[in-house]
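The numbering of the sequence shown is full-length UniProt numbering, which starts it at 1 and goes up by one. No residue lacks a Cβ here, since even glycine has one placed at the ideal position from N, Cα and C.
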Amino acid sequence: GAQQTRTNQDALILGEGAYAVVMKCHNFRLNKLEAVKMYKQHNNIMGVAIMEIDILERLRCLYSYRCNIIRWDGYFFTQSSICLSFELLDIDLGRYVSGRSRTRCLTVAEVRPILHQVTTALFHLKSLGIIHCDVKPENILCVDRRQQPLQVKLADFGLARVAYNFNPAIPAQTLCYRAPEVLVGRNYNEAIDMWSLGATAAGLVLGSPLYLVKNEYDALRAIIKTQGQLSDHSQKWTLQTREVHERQTGCQRVEPLQALLHGFFTEDTPSGPDPSTPLGKD
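Dropping the structure here:
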């Protein structure tokens, strides 16, 4: 950590969640602008912050630019809070799409390079055994909204966890992007991030979330309608066929590397980082 050398005198709130607020601040020591995530007062806030810092420390071995993951610059304390410092990026993908003048959706050609970059990020997270647990447009940040094709980075690791060491009872994923195995309380792995990315891709093209629901029951019903039927057996959710079971529990879901080698990307390769060189510091 470091002593407080920032000011938020003219701070712009970039985003706010249940546990923290993200502000645009000026770092006097380095004379640069940065995004600072300031945790709110909460009973277990230090534990939540430590978990995120642990994940971010694990990501330090990656090239931020090549891996399409936001660069973390460290943490510091104020009199009342713990803060995380990140590189300052542009608006999130949700705001980018909703701010378009003519249409509030993207074409497949526009979505392709975005998906390639986020899939690249998930490839590197999987290589480290990390589940992001909250992939959605609001957590995908544009580097520069004026740049085409759009360059993006995956951000917000507040819900992220190590795949082999977590409690599946802890909430994961925003409802509209929640994988079925999470909804039914099963054990899960990095495959849930690919589900969220698929739901994100559909939403970007459609102009609204694929599963626009208000509760878990409606989310499960919507998934059943589009992905396969579930049956209630012995008071437990069981899947009617092995194929549907594997698809809905992540066993058969495409992995990041498989996706990157798919013709959707390889037949018209977007400009962006090469996933074959994951390690090294910025």
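By the three-class DSSP mapping on this structure, what secondary structure does residue i have?
i      : result
Asp73  : strand
Ala222 : helix
Gly263 : helix
Gln41  : coil
Glu216 : helix
Tyr19  : coil
Leu210 : coil
Leu14  : strand
Leu33  : strand
Taking the alpha-carbon of residue i as reference, which of the options has the nearest alpha-carbon?
i           : options                           : result
Arg186      : Ala169, Asn215 and Thr200         : Ala169
Arg253      : Trp195, Ala201, Ile50 and His262  : Trp195
Ala201      : Arg58, Gly15, Arg71 and Leu115    : Leu115
Pro180      : Tyr211, Leu204 and Asn44          : Tyr211
His42       : Gly203, Ile55 and Val21           : Val21
Thr107      : Gln147, Gly207 and Asp218         : Gly207
Tyr160      : Leu257, Gln258, Val205 and Lys126 : Just to set this straight, residue 160 is Ala in the shown sequence, not Tyr. Measuring from the Cα of Ala160, the nearest candidate turns out to be Lys126.
Val205      : Ala109, Ser80 and Leu175          : Ala109
Gly198      : Val182, Gly129 and Tyr177         : Tyr177
Gly94       : Leu14, Gln258 and Asn27           : Leu14
residue 295 : Gly74, Gln147, Ala259 and Gly228  : Since the first residue shown for the chain is 1 and the last is 282, residue 295 is missing from the structure and cannot be characterised.
Phe76       : Leu128, Arg29 and Tyr164          : Arg29
If you count every other CB in all the chains shown that lies within 10 Å of the CB of residue i, and 16 or more means buried, which is it?
i      : result
Leu12  : exposed
Ala18  : exposed
Tyr217 : exposed
Met46  : exposed
Leu141 : buried
Lys214 : exposed
Query raised in the report: How about the region 83-90 and the region 122-140: do they share at least three Cβ pairs that are nearer than 8 Å?
Result: no
Query raised in the report: Are the region 175-191 and the region 74-84 touching, with three or more C-beta to C-beta distances below 8 Å?
Result: no
Query - Contained alpha helix (DSSP H) runs [length at least 4] in the region 47-135, N- to C-terminal order - result: 64-67, 93-98 and 108-127
Query raised in the report: Would you call the region 151-160 and the region 217-227 touching, i.e. three or more CB-CB distances under 8 Å?
Result: no
Query raised in the report: Is the region 54-69 touching the region 111-122, taking contact as three or more C-beta pairs under 8 Å?
Result: yes
Report task. Starting from the N-terminal side, write out each stretch of the beta strand (DSSP E) that is 3 residues or longer and does not extend beyond the region 124-208. Result -> 140-142 and 152-154
Query - Inter-stretch contact at 8 Å, needing at least 3 Cβ pairs: the region 49-58 / the region 22-35 - result: no
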